[in-house]
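Read in order, the letters of the sequence shown are residues 128 to 837 in the working numbering. Even for Gly, the Cβ is constructed at its ideal location relative to N, Cα and C.
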Amino acid sequence: MVKENAKQQTTATIALLGNPNCGKSSLFNQFTGLNQKIGNFPGVTVDKKYGTLQLTTGRKVTLVDFPGAYSFFPTAMDERIVVQTLLNSDSADYPDAILYVADITKLEKHLFFFSQLKDLGIPIALVLNMFDMAEKEGLQLNDQRLADTFGVPIILVSSRTGLGLEKIDPLIEHLLSLKQNPPSDFQLSPEETELVASVKAVYPTDNDYRALLLAHHSEWLPFLQSQERKKIHAIVQQQGFVSLKAQVDETMTRFDHFSPVLRRYLTHQLSNGSSFSQQLDRILTHRIFGPIIFFLIMLLIFQAIYAWATYPMDLIDAIFAALGDGIHQVFDKGWLSSLLIDGILAGLGGIVVFVPQIAILFFLISLLEEVGYMARAAFMFDRLMQVFGLNGRSIVALISGGACAIPAVMSTRTISNWKERLITILVTPFISCSARIPVYTVLIGFAVPAVVIGGIFNLQGLAFMALYLLGIVAALIAAFIFKLVLKTREHSFLMLEMPEYRMPVMRNVWINVWEKVKTFVVEAGKVILAISVVLWLLASFAPPGQMEVAEAEARSQAIEQSLDETATEDLIASKQIETSYAGRLGKIIEPVIRPLGFDWKIGIALITSFAAREVFVGTMATIYSIGSESDETSVRTRMATEIDAATGQPVYNRATSWSLLLFYVFAMMCMSTLAVVKRETKSWKWPIIQFLFMTGLAYLSSFAIYQWLS
Numbered sequence: 128m129v130k131e132n133a134k135q136q137t138t139a140t141i142a143l144l145g146n147p148n149c150g151k152s153s154l155f156n157q158f159t160g161l162n163q164k165i166g167n168f169p170g171v172t173v174d175k176k177y178g179t180l181q182l183t184t185g186r187k188v189t190l191v192d193f194p195g196a197y198s199f200f201p202t203a204m205d206e207r208i209v210v211q212t213l214l215n216s217d218s219a220d221y222p223d224a225i226l227y228v229a230d231i232t233k234l235e236k237h238l239f240f241f242s243q244l245k246d247l248g249i250p251i252a253l254v255l256n257m258f259d260m261a262e263k264e265g266l267q268l269n270d271q272r273l274a275d276t277f278g279v280p281i282i283l284v285s286s287r288t289g290l291g292l293e294k295i296d297p298l299i300e301h302l303l304s305l306k307q308n309p310p311s312d313f314q315l316s317p318e319e320t321e322l323v324a325s326v327k328a329v330y331p332t333d334n335d336y337r338a339l340l341l342a343h344h345s346e347w348l349p350f351l352q353s354q355e356r357k358k359i360h361a362i363v364q365q366q367g368f369v370s371l372k373a374q375v376d377e378t379m380t381r382f383d384h385f386s387p388v389l390r391r392y393l394t395h396q397l398s399n400g401s402s403f404s405q406q407l408d409r410i411l412t413h414r415i416f417g418p419i420i421f422f423l424i425m426l427l428i429f430q431a432i433y434a435w436a437t438y439p440m441d442l443i444d445a446i447f448a449a450l451g452d453g454i455h456q457v458f459d460k461g462w463l464s465s466l467l468i469d470g471i472l473a474g475l476g477g478i479v480v481f482v483p484q485i486a487i488l489f490f491l492i493s494l495l496e497e498v499g500y501m502a503r504a505a506f507m508f509d510r511l512m513q514v515f516g517l518n519g520r521s522i523v524a525l526i527s528g529g530a531c532a533i534p535a536v537m538s539t540r541t542i543s544n545w546k547e548r549l550i551t552i553l554v555t556p557f558i559s560c561s562a563r564i565p566v567y568t569v570l571i572g573f574a575v576p577a578v579v580i581g582g583i584f585n586l587q588g589l590a591f592m593a594l595y596l597l598g599i600v601a602a603l604i605a606a607f608i609f610k611l612v613l614k615t616r617e618h619s620f621l622m623l624e625m626p627e628y629r630m631p632v633m634r635n636v637w638i639n640v641w642e643k644v645k646t647f648v649v650e651a652g653k654v655i656l657a658i659s660v661v662l663w664l665l666a667s668f669a670p671p672g673q674m675e676v677a678e679a680e681a682r683s684q685a686i687e688q689s690l691d692e693t694a695t696e697d698l699i700a701s702k703q704i705e706t707s708y709a710g711r712l713g714k715i716i717e718p719v720i721r722p723l724g725f726d727w728k729i730g731i732a733l734i735t736s737f738a739a740r741e742v743f744v745g746t747m748a749t750i751y752s753i754g755s756e757s758d759e760t761s762v763r764t765r766m767a768t769e770i771d772a773a774t775g776q777p778v779y780n781r782a783t784s785w786s787l788l789l790f791y792v793f794a795m796m797c798m799s800t801l802a803v804v805k806r807e808t809k810s811w812k813w814p815i816i817q818f819l820f821m822t823g824l825a826y827l828s829s830f831a832i833y834q835w836l837s
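Spelled out as structure tokens, the structure:
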């Protein structure tokens, strides 16, 4: 089987379908490697993956990796997408054949969806994965007799070792030579037969089971015309068809049919003692020890993102600094070199510098997914998270947000319920990330005295911790509010299968990391770069002639004060940023931010730190003419001497400092995060809503604390 570019024209579409955790995506990775493309189903944010394969006969086929689904009775958006695609023969993704992947060690559970798919009449084959594990567990399968009974081809494979993958090529060729499956084993009841006939008169189809599913789901299937939906609904009501009861009856009937067959041809030769996974779960999912172990693992991930990423991030900073120096040497000082260095290069640096954090986070999360641990984490915390409208898997994103909101938002892709995923995306930036630390470091000294309580606790350290706790509380409260406000037909159920603990397949891990990094750099990077250039334009230009006047004033002051060359350049930068459009914008918004205790200089910092929160310190260093390379200590020292000309009091008093701290706790001051939210939600609607409600909360909180302390 030859790998080809996914964009080339193909002659057939092959669907990879199966339950979650069946190894379906692992097989897809084996077939396509890095030669994949991610797309979206029309109108929704659910992803599909596809790659183009050239068979040995020269025929090209598109392989589509659909989201995992348990049945044609969906409980989540991912499953609904699978259902509506397979019921609509006019869909662009409607398959010519299906490879149904099932975990042979959990075959009875996985056969339910297979039996439903088989009744659609689409050529289908049963691909039994994890065959290597089955042998170790003592499972013995008479696959030939099972294939004869089901009337479909069956092959045994292992996505971990590649065992049996050479059979896929002739299997696809065989499926494409078929027109449809043998007649269904599932028999409709007399009532269902009458119902199906009526539905087929409204929506013509040659498949009885498809017509029955239309009766089940007509209210939400998007491809049905309004009149068709109304007519089918009327038929359902008239004939007294109760979907839930029919689903239960069908489920029992199907299991009664294939369970005895499976017991006949699949035998277990080992003892009935507890498996290794069951023994491990007694500890890892324990009511007390389970959460403790989880938080220790998350602490390791947090430290990895926060500490391990420092070295490659510093290296990236050094590389971009060297590139900037090189540009300085090639180009004369002017707007072009400034654009290249402070606009484009800074924007690119702001994209690439996050790659280590994203790569480390998804490397570790992918390892935990491959091992089988993440399903246990979702199980342990789902009940608690449901109270706030979140999901058990949301806790990973919330904890990861303490390092950086960007990879944390991207990690929400493991949440299948769209409402819970969206709420997690919207509230994760409340968690104080590492970029806020320089801001907290500078301002806490003004807001809280350096007092030791009880001979142990430093009051400033407690305040630092309180700011983090405040962000967590805000995230949970906001999530609860969104739970009440956001309406969806999708119901939340924790329906997941605990996979066996297994050694990770590193090929899958690396492909997942590559996919996430590429998505961030290509998709979010475009937005980040554009905003960086806009911020550079605002900070670098002023009305004609004003920059020259500002420079002349600065040089005159430098001569009067006998400043050296470095101090003179810092003073020029300070005067020019005050004169720039960013400075003028800061003065324009000053009346709006005055009630918060902020002056126009802080206004400039609020504007420029939208590029990244930590830019606040560098902006203050420039404004106060102490050099952009100054550390937090020197910036704080200079800020402490700043006097408000109107009141004669220090600008950074207790009230202003607490006001600014709360503003940075709550405000969405990170264009990179907004860009990623746009990428993950496929719309500007949600990042705009996120920006407005977070900024609104920040403003009201800052206003309240400033007025109270003033």
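Whole angstroms are fine: how far does the CA of residue j sit from the CA of residue i?
{"i": "Pro814", "j": "Leu801", "result": "6 Å"}
{"i": "Ile208", "j": "Ser218", "result": "11 Å"}
{"i": "Ile299", "j": "Ile141", "result": "8 Å"}
{"i": "Arg520", "j": "Asp220", "result": "29 Å"}
{"i": "Leu292", "j": "Ser285", "result": "8 Å"}
{"i": "Leu525", "j": "Ala709", "result": "33 Å"}
{"i": "Phe421", "j": "Phe403", "result": "19 Å"}
{"i": "Ser239", "j": "Ile558", "result": "Correcting the residue type first, residue 239 is Phe in the shown sequence and not Ser. So the two alpha carbons sit approximately 42 Å from each other."}
{"i": "Phe168", "j": "Leu266", "result": "Residue placement at Phe168 cannot be trusted, given a pLDDT of 40 that sits under 50; what the coordinates show is reported in the next sentence. If I take the Cα positions, the gap works out to 38 Å."}
{"i": "Leu213", "j": "Leu322", "result": "20 Å"}
{"i": "Lys805", "j": "Ile608", "result": "21 Å"}
{"i": "Asn544", "j": "Asp230", "result": "23 Å"}
{"i": "Met512", "j": "Asn518", "result": "5 Å"}
{"i": "Phe155", "j": "Gly417", "result": "33 Å"}
{"i": "Ile359", "j": "His384", "result": "29 Å"}
{"i": "Phe725", "j": "Glu717", "result": "7 Å"}
{"i": "Ser398", "j": "Ala602", "result": "The pLDDT assigned to Ser398 is 48, lower than 50, so where the model puts this residue is not dependable, and the model offers no usable value."}
{"i": "Ser325", "j": "Thr394", "result": "44 Å"}
Looking at residue j and residue i, is the spacing between their C-beta atoms short of 7 Å?
{"i": "Phe258", "j": "Leu234", "result": "no"}
{"i": "Ala679", "j": "Ile699", "result": "no"}
{"i": "Met821", "j": "Met795", "result": "yes"}
{"i": "Ile468", "j": "Gly451", "result": "yes"}
{"i": "Ser837", "j": "Ala767", "result": "no"}
{"i": "Glu346", "j": "Tyr330", "result": "no"}
{"i": "Ala606", "j": "Val554", "result": "yes"}
{"i": "Tyr833", "j": "Leu712", "result": "no"}
{"i": "Ile281", "j": "Ile251", "result": "no"}
{"i": "Thr183", "j": "Asp296", "result": "yes"}
{"i": "Leu789", "j": "Ser736", "result": "no"}
{"i": "Ile571", "j": "Gln587", "result": "yes"}
{"i": "Arg287", "j": "Val632", "result": "yes"}
{"i": "Phe508", "j": "Ile522", "result": "yes"}
{"i": "Val279", "j": "Leu315", "result": "no"}
{"i": "Tyr197", "j": "Asn146", "result": "yes"}
{"i": "Val644", "j": "Ser493", "result": "no"}
{"i": "Asn215", "j": "Phe350", "result": "yes"}
Closest to residue i by CA distance: which of the options is it?
{"i": "Ser707", "options": "Ala694, Trp727 and Ile443", "result": "Trp727"}
{"i": "Phe515", "options": "Arg548, Pro349, Thr768 and Arg503", "result": "Arg548"}
{"i": "Asp441", "options": "Val480, Ala431, Leu466 and Leu475", "result": "Val480"}
{"i": "Ala203", "options": "Ile542, Ala574 and Phe818", "result": "Ile542"}
{"i": "Ser527", "options": "Arg381, Ala431, Ala502 and Lys614", "result": "Ala431"}
{"i": "Ile731", "options": "Ser667, Lys263 and Asp383", "result": "Ser667"}
{"i": "Asp192", "options": "Lys546, Asp205 and Ile552", "result": "Asp205"}
{"i": "Tyr791", "options": "Tyr595, Pro576 and Lys714", "result": "Tyr595"}
{"i": "Lys372", "options": "Ser386, Asn334 and Glu319", "result": "Glu319"}
By DSSP's criteria, residue i is part of a beta bridge. Which residues make up the other side?
{"i": "Asp225", "result": "What sits at residue 225 in the sequence shown is Ile, not Asp. For Ile225, which the question treats as bridged, DSSP gives the partners Ala142 and Ile251."}
{"i": "Asn585", "result": "Val579"}
{"i": "Gly178", "result": "Leu190"}
Buried or exposed, going by whether 16 or more other CB atoms sit within 10 Å of the CB of residue i?
{"i": "Leu363", "result": "Checking the sequence shown, residue 363 turns out to be Val, not Leu. Buried, since its Cβ has 16 or more Cβ neighbours within 10 Å."}
{"i": "Pro671", "result": "exposed"}
{"i": "His413", "result": "exposed"}
{"i": "Val719", "result": "exposed"}
{"i": "Arg337", "result": "buried"}
{"i": "Ile95", "result": "There is simply no residue 95 to check, as the chain begins at 128 and stops at 837 in what is shown."}
Residue i CB to nearest chain C CB: under 7 Å?
{"i": "Val210", "result": "This model lacks chain C altogether, as it is built from one protein chain only."}
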